[in-house]
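Structure first, then comments.
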Amino acid sequence: RRCTDIICCVIFIIVILGYIALGVVAWVHGDPRKVIYPTDSYGQFCGQKNTLNKNKTILFYFNILKCASPVVLINLQCPTTQLCVSKCPDRFATYIDVQASYRYRPDQWNYFRQFCKPGFNNPRKSVAQVLRDEDCPSMIIPSRPFLKRCFPDFSTKNGVLTVANQTTFKDGRGKMRNVTDLREAANGINNVLDARSVGMKIFEDYAISWYWILIGLFIAMMLSLLFLVLLRFTAGVLFWIFIFGVIGIIGYGIWHCYWEYDHLKGIPGSDLTVYDIGFQTDFKVYLQLRQTWLAFMIILCGVEVIIILMLIFLRNRIRIAIALLKEGSRAIGYIMSTLFYPIVTFLLIAICISYWAVTAVFLATSGEPVYKVMANQTLCKYANLTCDPETFNTTNVTKLCPGAQCTFAFYGGESLYHKYIFIFQLANAFVFLWLVNFAIALGQCTLAGAFASYYWAYRKPADIPLWPLFSSFGRAIRYHTGSLAFGALILAIVQLIRVILEYLDHKLKGTQNSFTRFLLCCLKCCFWCLEKFLKFINRNAYIMIAIYGKNFCTSAKEAFFLLMRNVVRVAVLDKVTDFLLFLGKILVAGGVGVLAFFFFTHRIPVFAQEVPVLNYYWVPLLTVIIGSYLVAHGFFSVYAMCVDTLFLCFCEDLERNDGSTAKPYFMSASLHRILGKKKLSPKKA
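Residue numbering for the sequence shown follows the working numbering, starting at 1 and increasing by one per position.
And the structure:
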């Protein structure tokens, strides 16, 4: 063994160090509070410690009617003053009414004043000036906090939309408005709030049923192990039962088509052709024609003949595929530690995802507050221009655009770092894809090395090396980091291009240019196919790397031509393996799902008293079913890697050895018998 693809290894290490540096820089400049906490019109966080807003955790909008949708509110792009408050309003009130009664009802003014700008306490100021300068809101509406923002407290009473049981309210400008006028500004809020309520109930269900969910997943793990063990004895039986079942079903279909064809004989109109009746939206019309059933019978006969001929001519290759499946089950039985290696891959990918997400958030929140002119008048030429809140009142903007405000818009900057934030985000995504693909490649190469050590052991299991999984992992890291990184790099480039194409497709979805949409669709399809092909090539290249220790390109070339020389065997083995493993996943997930259904619906008398009281029994049920499928997928992915490795080893064994004493076969006795090969006597000189 020697180190392979050293240049790529060095580049990979440098990129990792640069990725760490990017994370540090983003951590220094970024502030996740900009995402977590809402920001007022002055760029200050609501609820920020050591500030005047430390006890004001909720954002209040002066005039929510100016906001077009909840998305606008959450993105802080609503053209109205935004203020941090300690609680949302709980009553209807207008500034006009409060100003008129502040002398003899000061409590109303004191309550209303907490929703005005900090320090404003001049009820004598004219209403027109207050509303122009937006010192106070023209009205307050009963609201409740959602996403740390005050939204109208909508409810439905007898099918009528209300706020605090009222259908109308004063808008503070001398008009009576209907509650439905708030609908556009808070469109969909009720559904979101209901979803939050459902979310709380789901969380409660998880809190009291997590123990039983873990038991269900443990049962799924044991069933997956049992299925892999039983494949050694039942792989052939399961496959042939399925095949003969398909042949029987098609045979019944042929008989039924003939029966229908014969039954329609002599019935008026049944001898018409499809061409005679033309296109009909009612499919039943075609079923009244003898020609339809004749066509069905011919098609089914063709399919039946093809399947039978394939079984006749491919029977030996199918037997080899089944033998390799049994051999894979035997190999896993000797190297049980491989079943738990997916946990290592999962942890590595989880680390990559966490680092990428944290870095992306810090990059997105890098920058200083940027303020823009928010004008009520659509013709204001200063609208959406940047401004300085410290000097805004001394400019001519307020005179030319009455009511205009210098409002916080977003975080950004003009420095070199801030100009290249988007490039850094792309780099973050690219390195993330590279690292994830490397983690997957490391797992595939490690498992391939362990299973190859099993196949090339002449006396099994006596010649299997000690700790084959750990030895294979050490070899992959020590000698082949560069090769694994090279394969992961190629795949990451294609995946990044696919991400960019999906982004462009999303942006151009509304365009009417048919050629552009067609071109994008073709590119997406081509790169999808390319990604699938590269994954197939990489997987087999990693197996060859684990066996022979050559560089990536050489291993990929040798693996590709080896597979092409055995292309029929590859196709048969792939389909047989896919079928049996899919059957196993369905059996495990379905079996555990049925058991969980009977348990959580109190249909197992023995455990009826142990079942927790749930809001929705389908919450733990779906979790157990999906979790069981993923657990089975994790175990069976190891098995699939085992079968692929043994297959390449088997093909190499056939090409390099002849069964003589000098070049004995390393395959199992069952494969010997299927091939009809016997150990040859030593060649004479």
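No residue lacks a Cβ here, since even glycine has one placed at the ideal position from N, Cα and C.
Opposite residue i in the DSSP bridges: which residues?
i: GLN82; result: TYR61
i: CYS150; result: PRO145
i: GLN444; result: Partner(s): none; GLN444 has no beta bridge.
i: GLN166; result: VAL163
i: LYS155; result: According to the sequence displayed, residue 155 carries Ser and not Lys. For SER155, which the question treats as bridged, DSSP gives the partners THR162.
i: ILE140; result: ALA93
i: PHE45; result: THR39
i: THR386; result: LYS372
Counting C-beta neighbours from all protein chains within 10 Å, is the total for residue i 16 or more, i.e. buried, or is it exposed?
i: GLY474; result: exposed
i: TRP467; result: exposed
i: ALA571; result: exposed
i: GLN405; result: buried
i: TRP528; result: exposed
i: TYR261; result: buried
i: PRO142; result: buried
i: TRP293; result: buried
i: PRO89; result: buried
i: GLN495; result: buried
i: LEU73; result: Model confidence at LEU73 stands at a pLDDT of 38, short of 50, so the residue's coordinates are unreliable; what they give is reported in the following sentence. LEU73 should be labelled buried.
i: ASP205; result: buried
i: SER354; result: exposed
i: GLN82; result: buried
i: SER660; result: exposed
i: THR156; result: exposed
i: GLU655; result: exposed
i: LEU622; result: exposed
i: PHE599; result: buried
i: ASP644; result: buried
Would residue i and residue j be called neighbours here (beta carbons separated by less than 7 Å)?
i: TYR382; j: VAL370; result: no
i: ASN566; j: CYS651; result: yes
i: LEU573; j: ALA321; result: yes
i: ILE202; j: VAL619; result: yes
i: LEU324; j: PHE647; result: yes
i: VAL361; j: PRO664; result: no
i: VAL631; j: ALA350; result: no
i: GLY584; j: PHE227; result: yes
i: PHE422; j: CYS352; result: no
i: VAL588; j: SER224; result: yes
i: ALA492; j: ASN551; result: no
i: PHE92; j: PHE169; result: yes
i: PHE430; j: CYS8; result: no
i: GLN108; j: VAL98; result: yes
i: CYS3; j: TYR479; result: yes
Taking 8 Å as the limit between beta carbons, can you name the residues of its chain near residue i, skipping five residues before and five after?
i: ILE189; result: With a pLDDT of 44 at ILE189, under the threshold of 50, the predicted position of this residue should be treated as unreliable, though the coordinate-derived value follows. Excluding sequence neighbours, ILE189 sits near PRO70, PHE146, PHE151, PRO152 and PHE154.
i: LEU581; result: PHE636, TYR639 and ALA640
i: GLU502; result: LYS524
i: THR338; result: ILE332, LEU447, ALA450, PHE451, LEU469, VAL638 and CYS642
i: PHE208; result: The amino acid at residue 208 is misidentified as Phe; the sequence shows Ile. Excluding positions up to five away in sequence, the list reads PRO612, VAL613 and LEU614.
i: VAL127; result: TYR95, ILE96 and GLN99
i: LYS56; result: CYS46, GLY47, CYS84, VAL85 and SER86
Tell me which residues share the same chain as residue i and place their Cβ nearer than 7 Å to its Cβ, disregarding the 5 neighbours each side in the sequence.
i: ASP171; result: SER138, MET139 and ARG177
i: ASP653; result: TYR665, PHE666 and MET667
i: ARG317; result: VAL568, ARG569 and VAL572
i: LEU442; result: ALA476 and LEU484
i: GLU558; result: MET544
i: VAL285; result: ILE277
i: SER101; result: GLN108
i: THR359; result: LEU22, GLY23, ALA26 and ASN428
For the alpha helix (DSSP H) containing residue i, name the first residue and the last one.
i: ARG319; result: 315-334
i: GLY278; result: Element bounds for GLY278: n/a, residue is neither H nor E.
i: LYS585; result: 567-600
i: LEU466; result: Per DSSP, LEU466 belongs to no alpha helix (DSSP H) and is neither H nor E.
i: GLY18; result: 6-29
i: VAL358; result: 341-364
Can you give me the start and stop residues for the beta strand (DSSP E) that residue i sits inside?
i: LYS87; result: Taken as a continuous stretch (DSSP letters only), LYS87 belongs to no beta strand (DSSP E), as it is neither H nor E.
i: LYS550; result: LYS550 -> no beta strand (DSSP E), and no H or E assigned at all.
i: ASP611; result: Contrary to the premise, residue 611 reads as Val rather than Asp in this sequence. It is not in any beta strand (DSSP E) - VAL611 carries neither H nor E in the DSSP assignment.
i: ARG705; result: This structure cannot settle anything about residue 705, because the visible part of the chain is limited to 1 through 685.
Who are the near neighbours of residue i in its chain, counting only those whose CB is closer than 6 Å to its CB and skipping five residues on each side?
i: LEU690; result: Examination of residue 690 is not possible in this model, given that the chain is present from 1 through 685 alone.
i: GLN425; result: LEU363
i: PRO389; result: TYR371 and CYS406
i: ALA546; result: CYS445, ALA448, GLY449 and ALA452
How about residue i: is its C-beta nearer than 7 Å to some C-beta of chain C?
i: SER472; result: Note that chain C does not occur in the displayed structure, where there is just one protein chain.
Taking 6 Å as the cut-off, is the C-beta of residue i nearer than that to any heavy atom in the ligand SAH?
i: LEU595; result: You won't find the ligand SAH in this model; it holds no ligand whatsoever.
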